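If you want the numbering used here, it's the position in the sequence shown, counting the first as 1, plus 775.
From the three backbone atoms N, C-alpha and C, an ideal C-beta is built for every residue, glycine too.
Quantities reported herein were computed from a predicted structural model and do not represent experimental measurements.
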Amino acid sequence: MGIPDHLTCLWRNLYAGQEATVRMGHGTTNWFQIGKGVRQGCILSPCLFNLYAEYIMRNTGLDEALAGWLEKRNVEFLNEHRIPVLPDEKSSGDWLHSEMEEFVQSSGEHGIVVLSLGSMISNMSEERANVIASALAQIPQKVLWRYDGKKPDTLGPNTRLYKWIPQNDLLGHPKTKAFITHGGSNGIYEAIYHGVPMVGLPLFADQPHNVVHMTAKGAAIRLDLERMSTEDLLNALKEVISNPFYKENVMRLSAIQHDQPMKPLDRAIFWIEFVMRHRGAKHLRPAAHDLTWFQYHSLDVIGFLLACVATAVFVITKCCLFCCRKCASIGKKGKRD
């Protein structure tokens, strides 16, 4: 407890195994939207932000005010290892959008490729954009690219740029062959839901973890946006589109995600009405809200462990001194004899 998610994301990015997936959260508040302006290049910045956010929540009463509400979690466990979830957090999935435009229909049998690096990346360097555009120009598919920067010089006639795209609708179209994504949770869930194999270009936060997990599931190929070449992206696209291995794996995940006891919207409605019927559902309120500050930061546990270590060191030191004295006294008696 008290360890910011930014650090645990860094730990989880290193491994795809289950031993690195215990989520050490510091509350149920979603600070992602609030902390968009926090500098991501330095670990210290988001850590300090999280400490300040915790202080504000506890001292303004917001933490207590939100304690009686259920939190909607846009999480499906097939994209996560086993993680602990508080009783006031219920997974309901996300809502879908409407249909797509006419450009998709002109792709013919080759289909389309969807490219989106998320809303937090408005543009990128011209050199990186040209690398991506050059690779896209060499595939037979039509490409819809969410991009708000300067038009790349190597942009091919098969690629269109958009400041915004209905991503879920595009992924749900039967002509969609591949999805180039930064690894955001929404994009991952939507791609799984519609059975679209992925090429991941993770940037920060939970994105590397998401892409690594999909790669381990055989549903994606991971590339480094800053280091990849045109050939790297081109080969990755050809692989996920032409190799049935990726399509079969992502369709298997899609079948699991579709096999739910009730629709996500119905699940969300049920829990909203549940909270209303039970006047805030305070019986689901986590005991963590009642912890004191030193319990919240595990200082009592740390103090106990330090005391145990100090006691062990003291006992071992005394035993060593006692043994040394015994040996010294035995040596003196031997010399006298």
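Asked                                                                                                 : Found
Euclidean distance between Cα positions of His957 and Asp1065                                         : 38 Å
Beta-carbon spacing of Lys952, Val1025 below 8 Å                                                      : no
Integer Cβ distance of Gly910 from Leu1012, believed to fall under 8 Å                                : Correcting the residue type first, residue 910 is Ala in the shown sequence and not Gly. That pair is a contact at about 7 Å.
Within 8 Å, strictly: CB atoms of His969 and Gly947                                                   : yes
Backbone secondary structure at Asp869 - three-state DSSP                                             : Confidence in Asp869 is poor, its pLDDT being 45 and thus under 50, which makes the residue's placement unreliable; the coordinate value appears in the next sentence. Asp869: coil per DSSP, three-state reduction.
Selected residue, minimal CA-CA separation from Phe1069, among Pro1061, Gly1078 and Tyr1021           : Gly1078
Touch test, the segment 972-979 against the segment 996-1007, Cβ-Cβ under 8 Å, three pairs minimum    : yes
For Tyr922, three-class secondary structure by DSSP                                                   : coil
DSSP-derived helix/strand/coil call for Ser881                                                        : helix
Boundaries (first-last residue) of the alpha helix (DSSP H) holding Ala904                            : Glu901 to Leu911
Whole-angstrom distance between Val1084 and Phe1101, CA atom to CA atom                               : What sits at residue 1101 in the sequence shown is Lys, not Phe. Approximately 26 Å between the Cα atoms of the pair.
Assigned exposure category for Asn943 - 16 Cβ within 10 Å defines buried                              : buried
Identity of the residue in Arg1042, Ser881 and Pro972 nearest Pro915 by Cα                            : Ser881
Buried or exposed (CB count within 10 angstroms, at least 16 for buried), Phe954                      : buried
Nearest to Phe878 (by Cα), restricted to the options Leu945, Ala904 and Val906                        : Leu945
Lys925 burial status per 10 Å Cβ neighbour count (16 or more: buried)                                 : exposed
Coil, strand or helix - Ala995 by DSSP                                                                : strand
Trp806 versus Tyr964: straight-line alpha-carbon distance, rounded                                    : Caution is warranted here: a pLDDT of 45 is assigned to Trp806, below 50, making its placement in the model unreliable, and the coordinate value is therefore given only provisionally. If I take the Cα positions, the gap works out to 20 Å.
Within 8 Å, strictly: CB atoms of Ile940 and Ser891                                                   : yes
Per DSSP, cross-strand counterpart(s) of Thr934                                                       : Val918
For Ile940, the three-state DSSP class (helix, strand or coil)                                        : coil
Closest Cα partner of Ser1029 within the set Pro932, Asn905, Met989 and Tyr1071                       : Met989
Counted within 10 angstroms of its Cβ, other Cβ atoms place Met1051 as buried (16 or more) or exposed : exposed
Cβ-based neighbour list, Tyr937, same chain, cut-off 6 Å, excluding 5 preceding and 5 following       : Arg921
Any C-beta of chain C under 8 Å from that of Ile1031                                                  : Protein chains in the displayed structure number just one, and chain C is not present.
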